[in-house]
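Chains as they are written, first to last, in my numbering: chain H, 1 to 803; chain L, 1 to 471.
See below for the structure under consideration.
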């Protein structure tokens with residue numbers, strides 16, 4: 001066998017020979033033409049392909065940088081001080097470096113999702129074969145992001161390999177530009193960041209499509225089941241197996257093992273972060289009740305470990321704390337790593353026998369193991385959990401201090417303030433300590449809700465007070481009551497759903513789509529999410545959730561004891577609340593926008609990214625909110641939305657992105673587009689006002705959301721409803737009429753119906769508009785007129801020929 | 001803002017539900033009586049803004065009690081006419097729900113209202129406040145209303161006196177709607193509301209054809225065009241009748257040409273094949289031609305399975321939309337099944353061969369009796385072959401269309417089973433016979449077609465050979 005040489009060989013006799021051709025150049029175009037689909041001008045765009053589009057966006061929404069650090073420390077020519085317009089050793093300036101740093105964050109996030117997607121794809125092709133069909137629900141457009149970007153219309157999971165090849169190649173090209181001494185233009189780094197964000201949505205889509213198709217996850221299912229969530233729903237009397245991370249591949253083997261061995265009611269399987277979301281989707285496409293329970297988002301990770309409840313911890317990849325092993329060791333919890341991205345220095349036991357691994361881990365000889373074979377993982381983790389539960393019981397593991405100790409520890413505090421300085425939210429820890437020393441721990445309960453359990457306070461304390469443990473112990477009652485429901489991720493929005501909602505979108509009775517994405521660390525605790533979602537849902541917006549935000553939303557209940565997931569239906573309809581799924585399911589949010597363009601305007605999707613983005617920019621009133629933005633993935637998701645013209649608001653922590661993309665409402669020249677009917681210029685309202693910006697409080701956020709759902713192509717009813725919500729929320733939350741509401745008025749029918757007369761009076765008096773009072777009509781004043789048939793576009797080539 | 005009322009008015013309260021515990025008073029509803037009625041009258045018969053209450057007011061009602069309620073609005077104006085009454089009446093439902101603390105369900109004599117305790121505590125103590133708010137909204141939204149007056153009745157005897165009259169009016173209205181056909185009017189309405197999303201679509205709304213989305217009927221179009229003749233709904237003068245059967249009018253053709261920027265110059269209202277109406281994206285049902293039986297199938301959004309042609313709703317819908325005339329597919333609103341002119345150019349119901357069960361049930365009463373059991377559903381047939389058999393067995397009228405073809409088809413069918421497998425097996429045989437002519441069954445994708453490569457003086461280069469032990 002090993003005698004085959006490289007180089008030319010001649011074969012004497014060909015008999016029963018099979019020639020497999022891996023790749024045919026030009027195959028996309030050929031396949032598409034065979035199927036009667038045209039491919040647009042930009043299949044598999046390179047870094048420069050969509051640059052013109054990016055520059056169009058960036059000329060209206062200019063980057064604003066607020067660097068936290070004035071230096072560049074990327075190479076040993078430096079570090080270089082870039083303050084005061086100085087250039088670094090490689091010639092880069094502050095703007096260029098900030099844009100580069102941002103791009104690096106974006107491609108880091110994109111790589112996390114793409115790496116995840118590639119891993120799942122390998123794994124599931126190995127299990128199901130390349131020809132396993134893609135099945136994500138009753139849709140014609142199965143992979144909107146993939147099709148729009150690459151031009152490939154995948155039908156089997158094998159077809160996704162070529163898509164991943166493309167994403168990986170582009171990410172490599174982007175990463176290469178970070179090297180010292182290359183790109184000097186901040187604008188081009190911004191364009192590259194947008195490219196990376198777009199790639200992220202392709203990578204995410206691959207990940208979720210392949211797992212939905214192969215793992216029996218809900219397929220565009222509005223009736224996806226409700227899953228239990230919260231630290232309080234974990235039954236700690238049973239052996240508890242805790243899984244943490246984002247990649248559910250190995251966990252599915254654990255679930256199968258538990259089912260096959262009749263252990264499902266004997267072992268408590270709990271999850272943190274997106275692995276938890278995805279394990280409640282596993283095999284739920286035919287309905288049923290998810291067996292696995294969700295502890296919560298990344299912010300519950302340290303709290304859950306420190307509670308001492310888990311008997312074994314299994315981690316996979318992405319949002320997993322780097323100190324899981326160190327923390328677990330202290331409480332005799334064995335840790336199993338299962339993915340090459342996280343190995344914690346543990347020995348690779350993939351080829352060991354289950355018995356020997358269980359023996360080594362249960363005896364404490366080893367703190368953990370790396371196991372890359374999932375059947376082995378399933379057996380070892382389950383059996384070890386059962387064994388460890390007994391052992392840890394007998395050892396009398398005590399995780400948290402008792403009441404008496406609490407007081408003593410609190411009394412050690414010298415009120416130096418180091419903890420508060422290091423707390424990302426500057427929580428009032430000192431005051432809680434002071435009260436605690438006197439036996440009053442209620443202040444810690446308040447902290448518990450707002451704390452994201454990053455553990456930096458523990459590190460900062462010169463007296464080595466385990467602050468997090470005190471908080472957790474003091475909040476035991478609250479934690480026991482932490483029980484909620486989250487609707488299991490439903491996957492894509494199906495084509496028929498988009499059609500059904502079409503009437504509302506066209507009439508404007510759905511004032512907009514709000515996508516709440518990203519990680520924890522909200523400025524005022526997780527309740528913020530509930531307040532925002534509830535307000536928008538009451539106002540008939542469609543609210544889409546994903547990832548950590550989707551989990552955190554399920555933790556709050558109304559006065560009737562219902563979570564929002566129980567209160568609001570979950571179709572893609574006005575006033576509905578949808579959980580698309582885990583972090584990688586975010587691709588379905590942009591996917592829904594692409595579908596609107598494909599379905600209502602019959603825009604060609606394949607390889608036609610710019611035209612689709614242009615359509616979305618001018619027509620689809622969607623705004624993303626990353627209220628607690630935290631990870632690099634959140635920035636790549638947001639940037640991918642941006643390239644499609646979907647604006648994103650981040651919370652105060654998101655300002656650490658150090659960048660915003662903000663329009664200038666006062667600069668009228670930037671608020672113009674072409675009318676595709678004849679290529680003439682037409683003015684548009686200044687909305688969305690930004691592509692990326694920050695809000696400090698939800699009071700500021702809510703009116704902002706309403707305003708930025710306004711689009712140039714709104715009909716009068718739609719504009720009237722959007723304007724109503726903008727004015728109402730501004731009055732409700734900021735106590736005043738917004739100062740720019742009149743800019744969105746094209747005629748009297750755009751005015752909120754209940755306030756029409758009053759607003760006409762203001763327009764006449766304060767803005768000098770002419771009103772025909774008999775007919776209650778505006779005669780003159782508006783900067784633009786309502787023409788429902790106008791076809792706003794930013795792209796000249798899309799205008800009718802001859803113009 | 002809106003300080004004159006002790007309550008908020010906003011579309012955000014539309015979905016507000018008032019539960020029993022939070023309810024101050026219940027009005028009309030299944031356990032009481034009531035109705036709502038809008039009447040178009042002469043200018044002289046209305047005193048603008050006047051409110052009359054017959055019976056007790058909110059403040060006189062006991063907490064937790066139930067009372068009857070009738071609401072009558074008289075409207076007048078130069079453009080006001082009886083045909084607009086139902087449109088204004090429907091707004092009463094919508095606008096009352098805008099009021100915080102007021103819940104309005106159903107319509108006509110089925111109305112059911114609740115007022116919340118919170119609202120009463122905040123000062124909603126009189127029906128006059130509600131009526132004034134509604135009258136204000138009527139005039140703001142529907143500018144053809146120049147004068148409006150409201151009469152609310154909470155006295156049971158008075159309501160019983162009036163309710164018969166109201167029922168008569170509803171009946172007469174329904175009668176008019178049912179009996180109003182394309183030939184009875186000289187104006188149709190165009191709707192371009194969709195163009196904000198589907199740039200080239202134009203809906204033509206006639207008495208016998210509602211908009212594709214099902215949301216705009218001829219009366220809605222008429223009302224909207226009166227409010228704003230230059231708005232997204234506008235009059236299309238019918239023009240000359242070209243063909244009554246297919247519903248072709250010069251006025252529509254002219255409008256089509258203008259509104260599609262020259263893309264289309266003929267639209268026939270009731271035709272499936274020839275110059276059909278364009279389809280936007282929101283259509284509820286897609287019709288599709290099944291050539292094998294020369295019939296038309298219909299599939300709706302909610303049907304998750306595949307139609308006899310092997311395609312799903314979403315696949316066919318994908319070919320249909322975008323404001324284009326697509327021959328062989330047609331998007332419609334469910335209401336159109338109820339039209340007496342339903343695709344009459346192409347045989348109407350006599351051409352309909354398949355529908356999903358739930359859709360068929362929904363429109364069952366509108367299917368002509370003699371066809372009802374001849375339209376197959378997914379419960380009857382799975383594919384075109386079984387559909388054929390079903391239609392034959394039930395003697396579907398579409399059979400008349402394929403008598404001649406059938407004779408030709410039968411021998412072909414008999415031939416087919418014999419020849420097909422042979423063709424399939426021929427491939428490997430050929431491979432062995434011809435020297436150095438390997439053909440590749442692997443690439444043939446299930447027996448048909450495939451690629452045959454002739455290798456002569458060829459070089460095969462392989463990038464990488466991976467040698468793996470077999471598992």
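C-beta: ideal position from N, C-alpha, C; glycine also.
Taking the Cα positions, residue 186 (chain H) is about 11 Å away from residue 55 (chain H). Interface with chain L (7 Å Cβ-Cβ cutoff): residue 412 (chain H) is excluded.
Secondary structure at residue 250 (chain H): helix, using DSSP grouped into helix, strand and coil. Residue burial is scored here from C-beta neighbours: residue 218 (chain L) has at least 16 other C-beta atoms within 10 angstroms and is therefore classed as buried. Of all residues in the segment 237–270 of chain L, the ones placed with a Cβ closer than 8 Å to any Cβ belonging to chain H are 259, 261, in chain order. The shortest CA-to-CA distance from residue 114 (chain L) to any of L:96, L:286, L:123, L:326 is the one to L:96. Look at the segment 538–554 of chain H: the residues with a C-beta under 9 Å from a C-beta of chain L are 538, 539, 540.
Taking a beta-carbon distance threshold of 7 Å, residue 495 (chain H) counts as an interface residue toward chain L.
Excluding its 5 nearest sequence neighbours in each direction, residue 42 (chain H) has C-beta neighbours in its own chain below 6 Å: 49, 607, 609, listed in chain order.
Listed as beta-bridge partners of residue 342 (chain H) by DSSP are H:339.
Looking at the DSSP output, residue 544 (chain H) sits in a beta bridge with H:515, H:578.
Segment contact: the segment 94–112 of chain L against the segment 776–787 of chain H, fewer than three CB-CB distances shorter than 8 Å; contact not assigned. Remark: C-beta atoms of residue 675 (chain H) and residue 562 (chain H) do not approach each other more closely than 7 Å. When beta bridges are read from the DSSP output, residue 63 (chain H) appears opposite H:661.
The beta-carbon of residue 517 (chain H) is placed no less than 7 Å from the nearest beta-carbon of chain L. The DSSP-derived three-state label of residue 200 (chain L) is coil.
Beta-carbon to beta-carbon, residue 297 (chain H) and residue 551 (chain H) are separated by about 5 Å, close enough to satisfy the 8 Å threshold. Pairwise C-beta distances place the segment 211–226 of chain H in contact with the segment 279–291 of chain H, as three or more of them are shorter than 8 Å.
If you check each beta-carbon in the segment 197–212 of chain L against every beta-carbon of chain H, the ones closer than 8 Å belong to 197, 198, 199. Annotated three-state conformation of residue 601 (chain H) is coil, per DSSP.
With a cut-off of 8 Å on Cβ pairs, the segment 7–24 of chain L is not in contact with the segment 707–714 of chain H, counting fewer than three such pairs. Ranking H:725, H:460, H:387, H:140 by CA distance to the CA of residue 424 (chain H) puts H:460 first. When secondary structure is reduced to three states using DSSP, residue 745 (chain H) falls in the coil class, being assigned neither helix nor strand. The residue from H:637, H:150, H:417 with its alpha-carbon nearest to that of residue 515 (chain H) is H:637. At least 7 Å separates the beta-carbon of residue 789 (chain H) from that of residue 100 (chain L).
Taken through DSSP and simplified to helix, strand or coil, residue 209 (chain H) comes out as helix.
Around residue 349 (chain H), the same chain offers 357, 369, 370, 371 as residues with beta carbons nearer than 7 Å, after the five sequence neighbours per side are excluded.
In this structure, the beta-carbon distance from residue 295 (chain H) to residue 263 (chain H) does not fall below 7 Å.
Contact check between the segment 359–377 of chain L and the segment 334–342 of chain L: three or more CB pairs, one atom from each, fall below 8 Å, which counts as touching. Between the segment 65–83 of chain L and the segment 158–178 of chain L, the count of Cβ pairs shorter than 8 Å is three or higher; the stretches touch. Taking C-beta separations shorter than 8 Å and ignoring five residues to either side along the sequence, the partners of residue 342 (chain L) in its chain run 270, 336, 348, 349, following chain order. Straight-line spacing of the CA atoms in residue 149 (chain L) and residue 133 (chain L) works out to 12 Å. Secondary structure note for residue 163 (chain L): it is in no beta strand (DSSP E), and the uninterrupted alpha helix (DSSP H) holding it is 156–179.
In this structure, DSSP gives residue 104 (chain L) an extended state, which the three-state scheme calls strand.
Across the structure, residue 748 (chain H) and residue 755 (chain H) are spaced so that their CA atoms are roughly 11 Å apart.
Pairing residue 564 (chain H) with residue 533 (chain H) gives a Cβ-Cβ distance under 7 Å.
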